[in-house]
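Chemist: Have a look at the structure that comes next, please.
2 protein chains.
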Amino acid sequence: MSTKITFKNASKQDFLVLVRALVRAYQDFAAYDAAGHRAAGLTSPQADVLFALGNTEGLTFREIGEKTLITKGTLTGVIDRLENKRLVQRVPNPNDKRCTLVQLTRTGTQVFQEHFPRHIAYLKTRFDQLTHSDQRRATRFLHKIKAVF
Amino acid sequence: MSTKITFKNASKQDFLVLVRALVRAYQDFAAYDAAGHRAAGLTSPQADVLFALGNTEGLTFREIGEKTLITKGTLTGVIDRLENKRLVQRVPNPNDKRCTLVQLTRTGTQVFQEHFPRHIAYLKTRFDQLTHSDQRRATRFLHKIKAVF
DNA sequence: TATTGTTATACTCTATAACTATA
DNA sequence: TATAGTTATAGAGTATAACAATA
Numbered sequence: 001m002s003t004k005i006t007f008k009n010a011s012k013q014d015f016l017v018l019v020r021a022l023v024r025a026y027q028d029f030a031a032y033d034a035a036g037h038r039a040a041g042l043t044s045p046q047a048d049v050l051f052a053l054g055n056t057e058g059l060t061f062r063e064i065g066e067k068t069l070i071t072k073g074t075l076t077g078v079i080d081r082l083e084n085k086r087l088v089q090r091v092p093n094p095n096d097k098r099c100t101l102v103q104l105t106r107t108g109t110q111v112f113q114e115h116f117p118r119h120i121a122y123l124k125t126r127f128d129q130l131t132h133s134d135q136r137r138a139t140r141f142l143h144k145i146k147a148v149f
Numbered sequence: 150m151s152t153k154i155t156f157k158n159a160s161k162q163d164f165l166v167l168v169r170a171l172v173r174a175y176q177d178f179a180a181y182d183a184a185g186h187r188a189a190g191l192t193s194p195q196a197d198v199l200f201a202l203g204n205t206e207g208l209t210f211r212e213i214g215e216k217t218l219i220t221k222g223t224l225t226g227v228i229d230r231l232e233n234k235r236l237v238q239r240v241p242n243p244n245d246k247r248c249t250l251v252q253l254t255r256t257g258t259q260v261f262q263e264h265f266p267r268h269i270a271y272l273k274t275r276f277d278q279l280t281h282s283d284q285r286r287a288t289r290f291l292h293k294i295k296a297v298f
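Chains as they are written, first to last, in our numbering: chain A, 1 to 149; chain B, 150 to 298.
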């Protein structure tokens, strides 16, 4: 038995073309996105956390984990590193002493207000090369893909 | 200045809806994909390398790096781990002694021939929930997204 | 001089599970 | 007993740069 993809069975595995397109589109996007964050001294997970915390009064670890899909064990390390950079702070929660609230510091708020609009503009230069109609249609199909997982 | 996304400026940042859709579709796919490989004892980068090596006489580090987008420094470690698992072997290249050829071992070939068709079938159960027409259209838009990066 | 792969450094993230404090 | 977060463990990937061998 060979797994070589021949012309004959290629039609049965059309979806692999979609898989490859998804992976490559995402990889190229992710590399570009990460480069933008790295220029501001942030990793992608760190930027995700800051973005989640923006415009909030603070979130618990559980809430941040739900928004960013980072599991609690990993999140402790990510928050540690953001705290070392003085971008977030842990604030004890008097109502439930099990929970810790994570908030943006003044510096973190500044980064959120300055880096993120710049980053969004940086992404926009690329996505604006697609028509709005294509953007909407691409979004629709991506929702369909997400729905099957 | 606030970066809060209001109704008023949301229309200017429509593309963010597309960004989120791309990230979420990929994340869900990637988690499912990685779970399939993990069940076979492989990480995603390791599986990518085995897939690149399948149906070849062996590839150099440079060639594998080009196919998988793994940089050479990282690739040394990935190949080391695959070699420890006896799935690949480094073969000296007599023509150009700078190059090392990496080949699937007998076990590696077996994994390639057994795991990969199973994995493709595992992915197919999800992607087949989309119509072929949707698969083709989704592919088209993903190519367009890739093209802007 | 340029190329190939290795090595070293330092960091970051992941999964998993045991553990502590609190509810 | 359940939940929140920390810690420990072990493994893996990333970026970057210096390096040795070869071309």
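Where is the CB? At the ideal position from N, CA and C, for every residue including glycine.
Does DSSP put V297(B) in a helix, a strand or coil?
Modeler: DSSP places V297(B) in coil when its eight states are reduced to three.
Chemist: So which residues of chain B does L50(A) contact, with C-beta pairs closer than 7 Å?
Modeler: Neighbours of L50(A) on chain B: none; closest Cβ ~11 Å, over 7 Å.
Chemist: At a Cβ cut of 9 Å, what residues of the region 277-291 of chain B count as close to chain A, listed as they run along the chain?
Modeler: Hits within the stretch, in order: D277, Q278, L279, H281, D283, Q284, R285, R286, A287, T288, R289, F290, L291.
Chemist: What does DSSP give as the partner residues of P241(B) in its beta bridges?
Modeler: Bridge partners of P241(B): T249(B).
Chemist: Please specify which runs of the alpha helix (DSSP H), each continuous and at least 4 residues long, are wholly inside the region 31-77 of chain A, giving them in chain order.
Modeler: With a minimum length of 4 residues, the continuous alpha helix (DSSP H) runs that stay inside the region 31-77 of chain A are 44-53, 61-68.
Chemist: To the nearest angstrom, how far is it from the Cα of L142(A) to the Cα of K67(A)?
Modeler: Going from the Cα of L142(A) to the Cα of K67(A) covers about 19 Å.
Chemist: Looking at chain B, which residues of the region 14-25 of chain A have a Cβ within less than 9 Å of any of its Cβ atoms?
Modeler: Result list: D14, F15, L16, V17, L18, V19, R20, A21, L22, V23, R24, A25.
Chemist: May I ask which residues mark the beginning and end of the alpha helix (DSSP H) holding Q113(A)?
Modeler: Element bounds for Q113(A): 106-127.
Chemist: Does A10(A) get closer than 8 Å to chain B when you measure Cβ to Cβ?
Modeler: Bear in mind that a pLDDT of 49 at A10(A), under 50, signals an unreliable position, so the model cannot answer this.
Chemist: What number of angstroms, rounded off, separates the C-alpha of V148(A) from the C-alpha of H281(B)?
Modeler: Those two C-alpha atoms are separated by around 14 Å.
Chemist: When we look at the beta-carbon of D197(B) and count the other beta-carbons within 10 Å, is it buried (16 or more) or exposed?
Modeler: Answer is buried; the Cβ neighbour count reaches 16.
Chemist: Say whether chain A places a C-beta atom closer than 8 Å to the C-beta of Y271(B).
Modeler: No, Y271(B) does not count as interfacial toward chain A.
Chemist: Classify T288(B) as helix, strand or coil using the three-state DSSP reduction.
Modeler: Looking at T288(B) - three-state DSSP - the assignment turns out to be helix.
Chemist: Measure how close the beta-carbons of L75(A) and I64(A) come, nearest whole angstrom, since I'm counting them as under 8 Å.
Modeler: Their Cβ separation, rounded to whole angstroms, is 6 Å, which keeps L75(A) and I64(A) in contact under 8 Å.
Chemist: Taking the beta carbon of A121(A) as the centre, do at least 16 other beta carbons fall within 10 Å, making it buried, or is it exposed?
Modeler: By the neighbour-count rule (16 or more Cβ atoms within 10 Å), A121(A) is not buried but exposed.
Chemist: Could you name the residues of the same chain whose beta carbon sits closer than 7 Å to that of G207(B), not counting the 5 residues immediately before and after it, in chain order?
Modeler: Excluding residues within five positions, the ones whose Cβ falls inside 7 Å are V240, L250, V251, Q252.
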